[in-house]
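Peer 1: Numbering (the working numbering), first residue to last: 121 to 515.
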């Protein structure tokens, strides 16, 4: 357990607590200006945007939707909160829970390729202690695609789907992975606490004090955890991806990690020999372990969207300008960034390679069967990509 914030001896009769909160915010500047790998003003500007996203994205899960007696599913990560490198294909929902309660999750399962419900101990603000406790993947579905999940310490005799709760405060992460963004339907699930009357008890100053402590913990611990994860990308070889897990990530995934460097007149040819797996995707992101506007740019591809060559190898081009091939990953003016591959329960980890070349040479290195994409076709693909997000309820 790391050193946690305490405002126990501070009062709201003066601005001391607020001054402590803003002090924590100011100290976050080290994430941008004390990191030697952040070596240009575009990267620093990107870092400042991440700081604002940490401040805004951390607020709802520590100060708003925080009462485990009256939880609701809220979007945790998305197009406006891209820290933690959220998968472009995943809709992340979150809810606060407590082991003393019994919850029911009911509604339409939807048709997402993958669905995963996880209970994690403690709170996401305490990233190092946010440990997986129990999870449920393949839900038993009733008539009309309806599901019911009981969340409790002990399993009821008649429960088709059950998630176990630990003692004390905990969180739920609800993930939906979409392969076909144009046709799959999102789940419509509601979480209900048994035996809790409405309205909730009146808010007390002690509640806000405790929640502000949690908020400050998040602002201190998240950047440190992300920086450690980014370091693992730079520890590998420069011409291939390294694979491992992430202890606060999706437990069924293996993560491939690498770094690309690409000047404006260059391209990076990425080759991945794919395993047998129910789902895979690839994504490029920032040196702050953030996603890069995957709803507006083709910075990711998945098993449904990508072209795979006859030899079972996925070949993609990372570049700033469109090379006119299907598997383009848009660097968007960032000459350095992170590459992340996600495999869901892969049967093996197979070879990968990265090769830095001139942009005008890269197409000649691809198989002759590589699909070409015109400027007009690209516009249509990007429009469909952007429009799929409101359809799926993703923001």
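Using N, Cα and C, we set each Cβ at its ideal position, and we do this for glycine too.
Just so we're clear, the structure is a prediction, and the values are computed from it rather than from any experiment.
To which residues does DSSP link residue 210 through a beta bridge?
Peer 2: Note: residue 210 sits in a beta bridge opposite 297.
Peer 1: Quick one, which of 327, 149 and 402 has its alpha-carbon nearest residue 128's?
Peer 2: 327
Peer 1: Report yes or no: do the region 162-170 and the region 253-267 share at least 3 C-beta pairs separated by less than 8 angstroms?
Peer 2: no
Peer 1: Within 8 angstroms, do at least three Cβ pairs link the region 237-248 to the region 398-416?
Peer 2: no
Peer 1: Near residue 236, what residues of its chain come up, given a Cβ to Cβ distance below 6 angstroms and the 5 sequence neighbours on each side ignored?
Peer 2: 257 and 295
Peer 1: If you count every other CB in all the chains shown that lies within 10 Å of the CB of residue 478, and 16 or more means buried, which is it?
Peer 2: exposed
Peer 1: If you run the structure through DSSP and keep just helix, strand and coil, what is residue 507?
Peer 2: helix
Peer 1: Are the region 418-429 and the region 355-365 touching, with three or more C-beta to C-beta distances below 8 angstroms?
Peer 2: Judged by Cβ distances under 8 angstroms, the region 418-429 makes no contact with the region 355-365, as fewer than three pairs qualify.
Peer 1: For residue 264, count neighbouring C-beta atoms within 10 Å of its own C-beta (all shown protein chains included) and say buried if the count is 16 or more, exposed if not.
Peer 2: exposed
Peer 1: Let me know if residue 536 comes out buried or exposed under the rule of 16 or more other beta-carbons within 10 Å of its beta-carbon.
Peer 2: No information on residue 536 is available, as it lies outside the stretch 121 to 515 that the chain covers here.
Peer 1: Taking the runs of the beta strand (DSSP E) that are 3 residues or longer, which of them lie wholly in the region 245-289?
Peer 2: 252-256, 266-272 and 281-284
Peer 1: What does a CB cutoff of less than 7 angstroms around residue 300 pick up in its chain, not counting 5 residues either side in sequence?
Peer 2: 424
Peer 1: DSSP three-state label for residue 349, please.
Peer 2: helix
Peer 1: How about residue 462 and residue 392: are their beta carbons less than 9 angstroms apart?
Peer 2: In this structure, residue 462 lies away from residue 392, with their beta-carbon atoms at least 9 angstroms apart.
Peer 1: How many angstroms separate the CA atom of residue 364 from the CA atom of residue 384?
Peer 2: 31 angstroms
Peer 1: Taking the alpha-carbon of residue 444 as reference, which of 412, 336, 298 and 499 has the nearest alpha-carbon?
Peer 2: If we check each option's Cα against that of residue 444, 499 comes out closest.
Peer 1: How big is the Cα-Cα spacing for residue 311 and residue 408?
Peer 2: 33 angstroms
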